[in-house]
Amino acid sequence: MTPVRILSGAVSKFGELWDVSPRDLVKEVVQKALTEAGLTTSSIDGVFVGNMLAGTLGNQDHLGAFFSEELGIFRGSISVEGACASGGLAVHSGVMAILSELYHHVLVIGVEKMTDHKPEDVAKGLMGAGSSAERESGATFPSLYALMAVAHMEKYGTTEEQMAAVSVKNHFHASLNPNAQFHTPITIEQVMKSSCIASPLKLLDCSPITDGAAAIILSKNKTKNEISIIASSVETDTLGVAERESLTSLASSVHASKEAYAQAGIKPSDIDVAEVHDCFSIAEILAMEDLGFFQKGEAAEAIFEGKTKLGSKKLVVNTSGGLKASGHPVGATGVKQIVEIYEQLKGKAGKRQVDGAKIGLTHNVGGSGATAVIHILRRN
Amino acid sequence: MISPVKIWRNQKKIEALLGKVGEIVSWTKVYVPPAGFISQAPYIVAVVKLKEGKNIICQYVDWGERELVIGQKVKTILRRTQESDTDGVIPYGVKVKPVN
Numbered sequence: 001m002t003p004v005r006i007l008s009g010a011v012s013k014f015g016e017l018w019d020v021s022p023r024d025l026v027k028e029v030v031q032k033a034l035t036e037a038g039l040t041t042s043s044i045d046g047v048f049v050g051n052m053l054a055g056t057l058g059n060q061d062h063l064g065a066f067f068s069e070e071l072g073i074f075r076g077s078i079s080v081e082g083a084c085a086s087g088g089l090a091v092h093s094g095v096m097a098i099l100s101e102l103y104h105h106v107l108v109i110g111v112e113k114m115t116d117h118k119p120e121d122v123a124k125g126l127m128g129a130g131s132s133a134e135r136e137s138g139a140t141f142p143s144l145y146a147l148m149a150v151a152h153m154e155k156y157g158t159t160e161e162q163m164a165a166v167s168v169k170n171h172f173h174a175s176l177n178p179n180a181q182f183h184t185p186i187t188i189e190q191v192m193k194s195s196c197i198a199s200p201l202k203l204l205d206c207s208p209i210t211d212g213a214a215a216i217i218l219s220k221n222k223t224k225n226e227i228s229i230i231a232s233s234v235e236t237d238t239l240g241v242a243e244r245e246s247l248t249s250l251a252s253s254v255h256a257s258k259e260a261y262a263q264a265g266i267k268p269s270d271i272d273v274a275e276v277h278d279c280f281s282i283a284e285i286l287a288m289e290d291l292g293f294f295q296k297g298e299a300a301e302a303i304f305e306g307k308t309k310l311g312s313k314k315l316v317v318n319t320s321g322g323l324k325a326s327g328h329p330v331g332a333t334g335v336k337q338i339v340e341i342y343e344q345l346k347g348k349a350g351k352r353q354v355d356g357a358k359i360g361l362t363h364n365v366g367g368s369g370a371t372a373v374i375h376i377l378r379r380n
Numbered sequence: 001m002i003s004p005v006k007i008w009r010n011q012k013k014i015e016a017l018l019g020k021v022g023e024i025v026s027w028t029k030v031y032v033p034p035a036g037f038i039s040q041a042p043y044i045v046a047v048v049k050l051k052e053g054k055n056i057i058c059q060y061v062d063w064g065e066r067e068l069v070i071g072q073k074v075k076t077i078l079r080r081t082q083e084s085d086t087d088g089v090i091p092y093g094v095k096v097k098p099v100n
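The listed protein sequences derive, respectively, from chains A and B.
Each residue of the first sequence is one higher than the last, beginning at 1 in UniProt numbering.
Each residue of the second sequence is one higher than the last, beginning at 1 in UniProt numbering.
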């Protein structure tokens, strides 16, 4: 793939932001991104907005125009929805826009406002990403991933303690990230004792409900010290989990990552740092295997042993704290992942910096695996 | 909102799934339900492999502790699914129960 340059990236604070509106969130991150890129709004000729729930929960659709009005950028402005992969799909759309040569400077925004609403209404809204059979059975997203966890435990002997280790690692990373929702390290015992949401997944196996926004600016122009997107792939699968061939692997992740490695001309072992879609602890285990970092059945023990934690000489995973501990404002997540890798490759990730990181990967999943989006970034 | 038209259209699908046998492939007990299912929690959601080869997702009901295992034989039945809304339509759908 022809590399697409990232000129800048910004994230808002993630968390329960009751005094901040979606407009304020977006204005803040876009202003930061424009300042870093040395651009003004007049240079932007295309806007892509990743969001899932503004229509369902906030009664506001037509987000392209909505945010363009707020920002004063009255150019092509397009809203992209793909459940929890909305942000990743917005980035993919931005990359396509640059590669099409119809746009020169594209602003990609990811935003979600979730904590204004009751948890059961958010749970129901999120199930819009599932199949009708899943909704009729009273399934929730934790329960769909629980079905995969039970199958993974049965097939590979994966344990609840190994799953808990994903949350422990990601909370440790989040404690070093000023923008993360949670800054408190947790223990395996705390995860094991937290209340059950959908067996075997407990509260601390699950990503939280979060408000937040992120923005990046993409360009076709070469710049100094450039960081580029060198692969952008999307693959899809059946909406529902039951219809899939396997409950222990996401085929969309497997196929999208293979496609991305081919576009970039690299192997999984070339990746220094990755942000993967850990909406639930089991999801990071599946991702580690599906993206080719570990053999099937071997990721859980490796994570438990700390092999993907900051300080490891090899691949480090979810330095932001991941969805689990940095927070998961669903439409913002896929864009935030890009910003985290961008900061890592620039060497500006502060206390959570992976020394010498040169190549990074982002993995953003929609629904229970119906959509997977992979991006690979490289520092030249 | 529960659409009466949608319910009427989906009846044919439900009918085609009744009286089938299969086995539990995976299951989970849901403690935190979405809106419309609050009164039923906790309940079991399962993936079931039907004998004819197709996999479905549905609630697993009328089970005893011994029957809460992967590989348990089950059959499909018609049951009320979620709570009615203001229109008063009572939605029915497919669930499974154990057979021994």
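Where is the CB? At the ideal position from N, CA and C, for every residue including glycine.
Predicted model, so just to flag it, every value in this text is computed and none were measured.
TODO: State yes or no: is the beta carbon of A/Ser-232 nearer than 8 Å to at least one beta carbon in chain B?
DONE: A/Ser-232 does not count as touching chain B.
- [ ] Kindly list, in the order they appear in chain B, the residues whose Cβ is closer than 7 Å to that of A/Asp-355.
- [x] Residues of chain B passing the Cβ test: none, with the nearest at roughly 40 Å.
Open item on the list: For B/Gly-93, would you say it is in contact with chain A, using Cβ-to-Cβ distances shorter than 8 Å as the test?
Closed with: Chain A, which has a Cβ nearer than 8 Å to the Cβ of B/Gly-93, makes this yes.
Open item on the list: Looking at chain A, is there any beta carbon in it that lies within less than 8 Å of the beta carbon of B/Thr-86?
Closed with: It does not; no Cβ of chain A falls within 8 Å.
Open item on the list: Counting only Cβ pairs nearer than 7 Å, list the residues of chain B close to A/Ile-197.
Closed with: Residues of chain B whose Cβ lies closer than 7 Å to the Cβ of A/Ile-197 are, in chain order, Tyr-31, Val-32.
- [ ] Compile a chain-ordered list of the residues in the segment 152-179 of chain A whose CB is closer than 8 Å to at least one CB of chain B.
- [x] Correct list: Glu-154.
TODO: Classify A/Asn-170 as helix, strand or coil using the three-state DSSP reduction.
DONE: Residue state, collapsed to three classes: helix.
- [ ] Can you give me the Cβ contacts of B/Thr-76 inside the same chain, cut-off strictly under 6 Å, excluding the 5 residues immediately before and after it?
- [x] Around B/Thr-76: Leu-17, Leu-18, Lys-20, Val-94, Val-96.
Open item on the list: Any C-beta of chain B within less than 8 Å: which residues of the segment 136-147 of chain A qualify?
Closed with: Of all residues in the segment 136-147 of chain A, Glu-136, Ser-137, Gly-138, Ala-139, Thr-140, Pro-142, Ser-143, Ala-146, Leu-147 have a Cβ within less than 8 Å of some Cβ in chain B.
Open item on the list: Contact between the segment 250-263 of chain A and the segment 3-11 of chain B is defined here as three or more beta-carbon pairs at a separation below 8 Å; is this criterion met?
Closed with: Too few Cβ pairs lie closer than 8 Å, so no.
TODO: Measuring alpha carbon to alpha carbon, tell me which of A/Met-52, A/Gly-138, A/Ile-109, A/Ile-227 ends up nearest residue 385 of chain A.
DONE: Examination of residue 385 of chain A is not possible in this model, given that chain A is present from 1 through 380 alone.
TODO: Could you pull the start and end residues of the beta strand (DSSP E) that B/Asn-10 belongs to?
DONE: Careful: B/Asn-10 lies outside any beta strand (DSSP E), inside the alpha helix (DSSP H) at 4-17.
Open item on the list: If you follow the alpha helix (DSSP H) that A/Tyr-156 is in, where does it begin and where does it stop?
Closed with: Residues 141-156.
Task: B/Ser-26: contacting residues in chain A (beta-carbon distance under 8 Å) - done: Ordered by position in chain A, the residues that pass the 8 Å Cβ test against B/Ser-26 are Leu-147, Met-148, Val-150, Ala-151, Glu-154, Leu-247.
Task: Cβ neighbour criterion (16 or more within 10 Å) applied to A/Lys-307 - done: Answer is buried; the Cβ neighbour count reaches 16.
Task: Rounded C-alpha distance that separates A/Ile-282 from A/Met-163 - done: Annotation: A/Ile-282 to A/Met-163 spans about 6 Å, alpha carbon to alpha carbon.
TODO: Could you tell me which of A/Met-288, A/Gly-366, A/Ile-217, A/Leu-250 sits nearest to A/Gly-46, measuring between CA atoms?
DONE: Comparing Cα-Cα distances from A/Gly-46 to each of A/Met-288, A/Gly-366, A/Ile-217, A/Leu-250, the minimum goes to A/Ile-217.
Task: Contact set between B/Gly-36 and chain A, taken where Cβ atoms lie within less than 8 Å - done: Within 8 Å Cβ-Cβ: Lys-124, Gly-138.
TODO: Would you mind sorting A/Ala-139 into buried or exposed? The rule is 16 or more other CB atoms within 10 Å of its CB.
DONE: Buried, since its Cβ has 16 or more Cβ neighbours within 10 Å.
Task: Closest by C-alpha distance to A/Met-114, when choosing among A/Val-330, A/Lys-336, A/Lys-346, A/Gly-334 - done: Taking A/Met-114 as reference, the option from A/Val-330, A/Lys-336, A/Lys-346, A/Gly-334 with the minimal CA-CA separation is A/Val-330.
Task: Enclosing beta strand (DSSP E) for A/Ser-110 [first to last residue] - done: This sequence places Gly at residue 110 of chain A; Ser is not what is there. Here the beta strand (DSSP E) through A/Gly-110 covers 105-112.
Task: Near-chain A residues of the segment 55-87 of chain B (beta-carbon distance less than 8 Å), N- to C-terminal order - done: For the segment 55-87 of chain B, the beta-carbon criterion of a distance under 8 Å to any beta-carbon of chain A is satisfied by Asn-55, Ile-56, Ile-57, Cys-58, Gln-59, Ile-70, Thr-81, Gln-82.
TODO: Please say whether A/Ala-97 and A/Thr-371 have beta carbons closer to each other than 8 Å?
DONE: The answer is no: Cβ separation not under 8 Å.
Open item on the list: Are the CB atoms of A/His-117 and A/Pro-208 within a distance shorter than 8 Å?
Closed with: No, these two residues do not count as a Cβ contact at 8 Å.
Open item on the list: If we define contact as Cβ-Cβ less than 8 Å, is B/Val-47 a contact residue for chain A?
Closed with: True, the Cβ-Cβ gap to chain A drops below 8 Å.
Open item on the list: Short of 8 Å in beta carbon distance, which residues of its chain neighbour B/Pro-4, apart from the five on each side in sequence? Order them along the chain.
Closed with: Excluding residues within five positions, the ones whose Cβ falls inside 8 Å are Asp-87, Val-89.
- [ ] Please decide whether B/Gln-40 counts as near chain A, where near means a Cβ-Cβ distance under 8 Å.
- [x] Closer than 8 Å: yes.
- [ ] Take every Cβ of the segment 267-279 of chain A, pair it with every Cβ of the segment 307-321 of chain A, and state whether three or more of those distances are shorter than 8 Å.
- [x] The segment 267-279 of chain A is in contact with the segment 307-321 of chain A.
- [ ] Would you please state the rounded distance, in angstroms, between the beta carbons of A/Val-111 and A/Val-49? I believe it to be under 8 Å.
- [x] Contact between A/Val-111 and A/Val-49 is confirmed by a C-beta separation of about 7 Å, below the 8 Å threshold.
TODO: Determine the extent of the alpha helix (DSSP H) in which A/His-255 is found, giving its start and end residues.
DONE: Element bounds for A/His-255: 251-264.
Open item on the list: Less than 8 Å between CB atoms is the rule here; does A/Met-114 satisfy it with respect to chain B?
Closed with: Answer no: the Cβ-Cβ gap between A/Met-114 and chain B never drops below 8 Å.
- [ ] Go through its chain and collect everything with a Cβ distance to A/Ala-357's Cβ below 7 Å, but skip five positions before and after it.
- [x] Asp-272, Val-273, Gln-344, Leu-345, listed in sequence order.
Task: Outcome for A/Leu-250 when other beta-carbon atoms lying within 10 angstroms are tallied against a minimum of 16 - done: With a threshold of 16 other beta carbon atoms within 10 Å, A/Leu-250 meets it and is buried.
Open item on the list: In the DSSP output, which residue or residues are listed as bridge partners for B/Tyr-43?
Closed with: The partner list for B/Tyr-43 (beta bridge, DSSP) reads B/Val-30.
TODO: With A/Phe-48 as the anchor, note down where its beta strand (DSSP E) starts and where it stops.
DONE: Boundaries of the beta strand (DSSP E) around A/Phe-48: 46-50.
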